[in-house]
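Asker: Just dropping this structure here.
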Amino acid sequence: MSIKILICDDDALIRESLKIILSMDEELNVVHVCENGLEAVKYCCNNSVDVALLDVRMPKLNGVETTKEICKVTSTKVIILTTFDEDEYISSSLRNGAKGYLLKSNSPNTIINTIKVVHNGSDVVENGIIDKLLSKTSPVCPNPNMN
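Written out as C-alpha cells, the structure reads:
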C-alpha cells in the first residue's frame, strides 16, 4: 500500500519538482499538490492523506497554522519542508504537531526516507536544526556535590 502524500508550496517549480521526484518511488503516491495552506487543510479534511509536505511561508495560511489545523482535525502527519531554519518557525511547527522539519537543501533520498520514517510513526528533525535548537538552551550546571 502506497503512502498518500500532499505537497503544499507556493513555488510552482518546487511543487512540480517534488511531485516528479516523489512519484519515482513506488511506495509513494502524490495525491494532491496545492499552493496555499487553506487548500491543504481543505483537502486533508475531505480526503485520506498520510503525509503532508508543507512550506512554512505561504499565502492565505502559513505552514505553522496549516500544521495546527491539519493535526487538529485529521490523522495526517505533517513534515515541514522549507528553506527557513528560524527558531520560531521550527519550535512553532513542532509545537503545533509537525512530525518532521527538513530544509529544502536536503537530497531527494533524504526527503523520501523522511516521509517513510514519519509515516511509520517516528519524528524527524534534521541534525543541524537539532544542534541549533540545543545551542539556544541553557547549559546544564554541574552538580557541585559531585567530585
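The numbering of the sequence shown is my numbering, which starts it at 29 and goes up by one.
Every residue gets a Cβ at the ideal spot worked out from N, C-alpha and C, and that includes glycine.
Where do the ends of the beta strand (DSSP E) carrying glycine 128 lie?
Answerer: By one-based count along the sequence shown, residue 128 stands at place 100. Unbroken beta strand (DSSP E) run through glycine 128: 128-131.
Asker: Alpha carbon to alpha carbon, how far is threonine 138 from cysteine 62?
Answerer: For the purposes of this step, residue 138 is taken as residue 110 along the sequence shown, with counting starting at 1. For the purposes of this step, residue 62 is taken as residue 34 along the sequence shown, with counting starting at 1. Using only the alpha carbons, I get a separation of about 22 angstroms.
Asker: Leaving out five residues before and five after isoleucine 35 in sequence, what residues of the same chain have Cβ atoms less than 7 angstroms from its Cβ?
Answerer: Along the sequence shown, read from residue 1 onward, the residue named residue 35 stands at position 7. Arg43, Leu46, Lys47, Val58, Val61 and Leu81.
Asker: DSSP three-state call for valine 77: helix, strand or coil?
Answerer: Along the sequence shown, read from residue 1 onward, the residue named residue 77 stands at position 49. Three-state result, valine 77: coil.
Asker: Determine, using beta carbons only, whether tyrosine 117 and valine 84 come nearer to each other than 7 angstroms.
Answerer: Taking the first residue of the sequence shown as position 1, residue 117 is located at position 89. Taking the first residue of the sequence shown as position 1, residue 84 is located at position 56. Contact: yes.
Asker: Leucine 41 by DSSP, collapsed to three states: which one?
Answerer: By one-based count along the sequence shown, residue 41 stands at place 13. In this structure, leucine 41 counts as helix in the three-state DSSP scheme.
Asker: Using CA atoms only, rank isn't needed, just tell me which of Ile108, Leu50, Ser30 and Met29 is closest to glycine 65.
Answerer: Position 37 of the sequence shown, counted from the first residue, corresponds to residue 65. Nearest option by C-alpha distance: Ile108.
Asker: How long is the line joining the alpha carbons of serine 135 and asparagine 74, rounded to whole angstroms?
Answerer: Locating residue 135 in the sequence shown gives position 107, where the first residue counts as 1. Locating residue 74 in the sequence shown gives position 46, where the first residue counts as 1. Using only the alpha carbons, I get a separation of about 31 angstroms.
Asker: Given a threshold of 16 other Cβ atoms within 10 Å of its Cβ, counted over all protein chains shown, does threonine 111 qualify as buried or as exposed?
Answerer: Here residue 111 is taken as the residue at index 83 of the sequence shown, counted from 1. Burial call: exposed.
Asker: Where does threonine 110 sit, in a helix, a strand or coil, going by DSSP?
Answerer: Along the sequence shown, read from residue 1 onward, the residue named residue 110 stands at position 82. Strand, per DSSP.
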